[in-house]
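Enquirer: What follows is a structure written as structure tokens; I'll ask about it next.
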């Protein structure tokens, strides 16, 4: 028979207010049994059970309601009911697990982890090891980025004999970490994968890559097998680097040879590896460059071969084998514009390494081919000094006079033996017997004694040439001029005059006021006079070229030194200052980079585009150094001159908002 719900409910409330809990419970129970889905009444009944100390029926009521609400999608209400249960029974396993699941479903990961952890502790206390492991697996699924929980889940799967599941868990975690470049975190799962699946290739490959990247080459070695590497070019180079750094050069170079044979285009990658090894393993680095050069030559790409050697020479400036190879490549490849520079670098290297005799041979060839180049003469003089010549100036003059390529009237007008700017790089070159002083190179003065040129020269440029010294004696000095200072050209000594009456020629020579000095001091005095007007631009160009190459090779500090020297030439001030700023930026020294960009913007002869570019880069640096106000000021200056330049309008707007606090 249906009950009167309203009357029964009023009666239950009266009994409750009167403190008659048992009678009230009986009335509420009648209502719930009549309509089991009346959740509000059921909840009131549960609360009354709690007040009456009847925890078991209270929990039963709350659990029944919570389960029904969960099925209907009322997750938060269901979770609240399980929490009411846990207030009465904190170790209730079912309530803990259900509360954890409901929290996880709502994205409340921390709450879920707390409920599951309590349940795990309870199960372990009760001796339910398997049940605890199952919940550990469940916790590992809460957050894919929780490395600790996921590793614990993988271990739990192994203890549950679910090796496939453990491998899947570890592989998924390792892949996630590798893709996120969290190499340190990835090491643990990768190492466990190798143990569980020795035949796999993914984990060993990634382990090798990470360990090599971290410089742990001995640890990487066991993972770098032919099976692991396969046809992966990148991994071959990783294996090569690991072997080379660990001292196994033969194995490392073998991998490099394999890569270049399969893919010659990988030569650039090999050069990068060479750069990385150059500071600590110079000879190994050169071996890599040498292989790249051979590859380029096989492709008939001589400029690229030379560029690879110049790149190495920028970080190893006195490496004789590399520079010898560079000269060979330039000659074989007919790189005429680069041959002399390559020879000059080789001569410098010989001098720096104490090989004075070899330096002399190269310098002689350079002077013979480019007699007007003061730097070549300085190299030859330095080589002579290093070989122990007591008077290198006299020896230099004697060599020129005796060379099969020269006569005295072939001497260039700017010949000098004391050009300090050109000879400065050779001031500390070791001699064959030890160190010769810089004074002997730069400040050497011939003795005041009779240090004269040789009385007789066995070899002349042309054996049929008339010896005017014998014909005219003191009427001609050692520079090949008449006593009055007029030049005697080679035409005057040609065979066209053989049938001419020499007496007429002699009569035509004006008398000399005084015999010319024939000692070396007077010769070199005139030479020094000629060189006084030499431009510094040649030295600046060399400094700029070397500074640029060093910057490209990553030798930032060294590049700055050369580029500062290049600043002496007005034509190179903008480019040099701009590159110096770039070098300081690479070094993270932003204040210096800002200063040098300012110098670049103020360089003489700078074009509008160059100035705009310098100012635009200056804005970048000022923003990065935390000076938005200064950046805005430069932006406005640039906008006034350049108008709508690049993204200048957007930058001005953004910086203005920043200054206004927007």
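Residue numbers (this note's numbering): 3 to 664.
All C-beta atoms, glycine included, are put in the ideal place defined by N, C-alpha and C.
(1) Where are the beta strand (DSSP E) runs, 3 residues long or more, that stay fully inside the stretch 47-135, in chain order?
(2) Short check: CB of residue 64 to CB of residue 48, under 8 Å?
(3) Quick check: what's the CA-CA separation for residue 246 versus residue 286?
(4) Flag this pair as touching only if the stretch 82-102 and the stretch 117-126 have three or more C-beta atom pairs under 8 Å; answer yes or no.
(5) Pop quiz: residue 621 and residue 636 are said to be a contact at Cβ under 8 Å. What is the actual Cβ separation, rounded to whole angstroms?
(6) For residue 647, which of helix, strand or coil comes out of DSSP?
(7) Residue 289: which of 304, 321 and 544 sits nearest, CA to CA?
(8) For residue 174, which three-state DSSP category applies?
(9) For residue 212, count neighbouring Cβ atoms within 10 angstroms of its own Cβ and tell me buried if that reaches 16, exposed if not.
(10) Should residue 207 go down as buried or exposed, given a rule of 16 or more other Cβ atoms within 10 Å for buried?
(11) Whole angstroms are fine: how far does the CA of residue 362 sit from the CA of residue 626?
(12) Anyone know if the C-beta pair for residue 144 and residue 134 falls short of 8 Å?
(13) Going by beta-carbon coordinates alone, are residue 84 and residue 100 separated by less than 8 Å?
(14) In the DSSP assignment, find the alpha helix (DSSP H) that holds residue 387 and state where it starts and stops.
(15) Take the Cβ of residue 301 as the centre, count every other Cβ of all protein chains shown within 10 Å, and call the residue buried at 16 or more, exposed below.
(16) I need the boundaries of the alpha helix (DSSP H) containing residue 752, first residue and last residue.
(17) Using a Cβ distance threshold of 8 Å, determine whether the stretch 243-261 contacts the stretch 211-226, with at least three qualifying pairs required.
(18) Whose C-alpha, out of 586, 572 and 309, is nearest the C-alpha of residue 563?
(19) For the alpha helix (DSSP H) that residue 586 lies in, which residues bound it at each end?
(20) Would the beta-carbon of residue 23 fall within 8 Å of that of residue 46?
(21) Between residue 147 and residue 104, what straight-line distance do the alpha-carbon atoms span, to the nearest angstrom?
(22) Flag this pair as yes or no: are the beta carbons of residue 311 and residue 293 separated by less than 8 Å?
(23) For residue 228, does the three-state DSSP call read helix, strand or coil?
(24) Do you know offhand how far residue 558's Cα is from residue 280's?
(25) Excluding five sequence neighbours on each side, which residues of the same chain lie with their C-beta closer than 6 Å to the C-beta of residue 60?
(26) Shortest alpha-carbon distance to residue 628 belongs to which of 170, 255, 661 and 219?
(27) Reducing DSSP to helix, strand and coil, say where residue 560 ends up.
(28) Provide the residue span of the alpha helix (DSSP H) that contains residue 345, from first to last.
(29) Write down the C-beta distance between residue 571 and residue 542 rounded to the nearest angstrom, noting that I regard them as a contact closer than 8 Å.
(30) Just how far apart, CA to CA, sit residue 614 and residue 295?
(31) Taking the alpha helix (DSSP H) that residue 366 falls in, what are its first and last residues?
(32) Please go through the same chain and pick out, in chain order, the residues whose beta-carbon is closer than 8 Å to the beta-carbon of residue 283, but skip the five residues on each side of it.
(33) For the alpha helix (DSSP H) containing residue 251, list its first residue and its last residue.
(34) Could you tell me the alpha carbon to alpha carbon distance between residue 352 and residue 391, rounded to whole angstroms?
(35) Which residue marks the beginning of the alpha helix (DSSP H) containing residue 308, and which one marks its end?
(36) Using only the alpha-carbon positions, how far apart do residue 232 and residue 256 sit?
Expert: Quick answer:
(1) Runs of the beta strand (DSSP E) inside the stretch 47-135: none found.
(2) Walking along the chain shown from the start, residue 64 turns up at place 62. Walking along the chain shown from the start, residue 48 turns up at place 46. Yes; because the gap between Cβ atoms is below 8 Å, this pair is in contact.
(3) Reading the chain shown from its first residue, position 244 is the one you call residue 246. Reading the chain shown from its first residue, position 284 is the one you call residue 286. CA-to-CA, the gap between residue 246 and residue 286 works out to about 7 Å.
(4) In short, these stretches touch, since the Cβ pair count reaches three.
(5) For the purposes of this step, residue 621 is taken as the residue at position 619 of the chain shown. For the purposes of this step, residue 636 is taken as the residue at position 634 of the chain shown. Indeed they touch by this definition, with Cβ atoms about 5 Å apart.
(6) Residue 647 sits at position 645 when you count from the first residue of the chain shown. The three-state reading of DSSP puts residue 647 in coil, since its state is none of H, G, I, E or B.
(7) Position 287 of the chain shown holds residue 289. For residue 289, the nearest C-alpha among the options comes from 321.
(8) Position 172 of the chain shown holds residue 174. Looking at residue 174 - three-state DSSP - the assignment turns out to be helix.
(9) Counting from one through the chain shown, the residue named residue 212 turns up at place 210. Counting C-beta atoms within 10 angstroms of its own C-beta, residue 212 has 16 or more neighbours from the protein chains shown and is therefore classed as buried.
(10) Numbered from 1 along the chain shown, position 205 holds the residue referred to as residue 207. With 16 or more Cβ atoms within 10 Å of its Cβ, residue 207 is classed as buried.
(11) Your numbering for residue 626 matches position 624 in the chain shown. Your numbering for residue 362 matches position 360 in the chain shown. So the alpha carbons of these two residues sit roughly 52 Å apart.
(12) If you number the chain shown from 1, residue 144 lands on position 142. If you number the chain shown from 1, residue 134 lands on position 132. Going by C-beta atoms, residue 144 is not nearer than 8 Å to residue 134.
(13) Counted from its first residue, the chain shown places residue 84 at position 82. Counted from its first residue, the chain shown places residue 100 at position 98. Inclusion of residue 84 and residue 100 in the CB contact set at 8 Å is warranted, their separation being smaller than that value.
(14) As a working note, residue 387 is residue 385 in the chain shown. For residue 387, the uninterrupted alpha helix (DSSP H) segment begins and ends at 376-388.
(15) The sequence position of residue 301 within the chain shown is 299, counting from 1. Residue 301 comes out exposed.
(16) Nothing about residue 752 can be reported from this structure: the residues present for the chain run from 3 to 664 only.
(17) Pairwise C-beta distances place the stretch 243-261 in contact with the stretch 211-226, as three or more of them are shorter than 8 Å.
(18) Against the chain shown, residue 563 aligns to sequence position 561. The option with the nearest alpha carbon to residue 563 is 586.
(19) Looking up residue 586 in the chain shown gives position 584. Bounds of the alpha helix (DSSP H) holding residue 586 are 575-588.
(20) As a working note, residue 23 is residue 21 in the chain shown. As a working note, residue 46 is residue 44 in the chain shown. The answer is no: Cβ separation not under 8 Å.
(21) Translated into positions along the chain shown, residue 147 becomes position 145. Translated into positions along the chain shown, residue 104 becomes position 102. Looking at the two C-alpha atoms, the distance is approximately 20 Å.
(22) On the chain shown, residue 311 is found 309 positions in, with the first residue counted as 1. On the chain shown, residue 293 is found 291 positions in, with the first residue counted as 1. By the CB criterion at 8 Å, residue 311 and residue 293 fall outside the cutoff.
(23) Position 226 of the chain shown holds residue 228. Residue 228: helix per DSSP, three-state reduction.
(24) The residue you call residue 558 lines up with position 556 of the chain shown. The residue you call residue 280 lines up with position 278 of the chain shown. So the alpha carbons of these two residues sit roughly 15 Å apart.
(25) In the chain shown, the residue the question calls residue 60 occupies position 58. Closer than 6 Å at Cβ, skipping near neighbours: 48, 51 and 52.
(26) Here the question's residue 628 lines up with position 626 in the chain shown. Out of 170, 255, 661 and 219, 661 has the C-alpha closest to the C-alpha of residue 628.
(27) Taking the chain shown and counting its residues from 1, the one referred to as residue 560 is at position 558. For residue 560, the secondary structure class from DSSP, reduced to helix, strand or coil, is helix.
(28) In the chain shown, counting from the first residue as 1, residue 345 sits at position 343. Here the alpha helix (DSSP H) through residue 345 covers 338-354.
(29) Here the question's residue 571 lines up with position 569 in the chain shown. Here the question's residue 542 lines up with position 540 in the chain shown. With a Cβ gap of about 3 Å, residue 571 and residue 542 count as contacting.
(30) By 1-based counting over the chain shown, the position of residue 614 is 612. By 1-based counting over the chain shown, the position of residue 295 is 293. One C-alpha to the other measures close to 40 Å.
(31) Walking along the chain shown from the start, residue 366 turns up at place 364. Residues 358-371.
(32) As a working note, residue 283 is residue 281 in the chain shown. Within the same chain, residue 283 has close Cβ partners 246 and 247.
(33) By 1-based counting over the chain shown, the position of residue 251 is 249. Note, residue 251: alpha helix (DSSP H), 251-264.
(34) As a working mapping, residue 352 is identified with position 350 in the chain shown. As a working mapping, residue 391 is identified with position 389 in the chain shown. Approximately 17 Å, taken between the alpha carbons.
(35) Taking the chain shown and counting its residues from 1, the one referred to as residue 308 is at position 306. DSSP places residue 308 inside the alpha helix (DSSP H), whose first and last residues are 304-317.
(36) Mapped onto the chain shown, residue 232 falls at position 230. Mapped onto the chain shown, residue 256 falls at position 254. Here the alpha carbon of residue 232 sits roughly 15 Å from the alpha carbon of residue 256.
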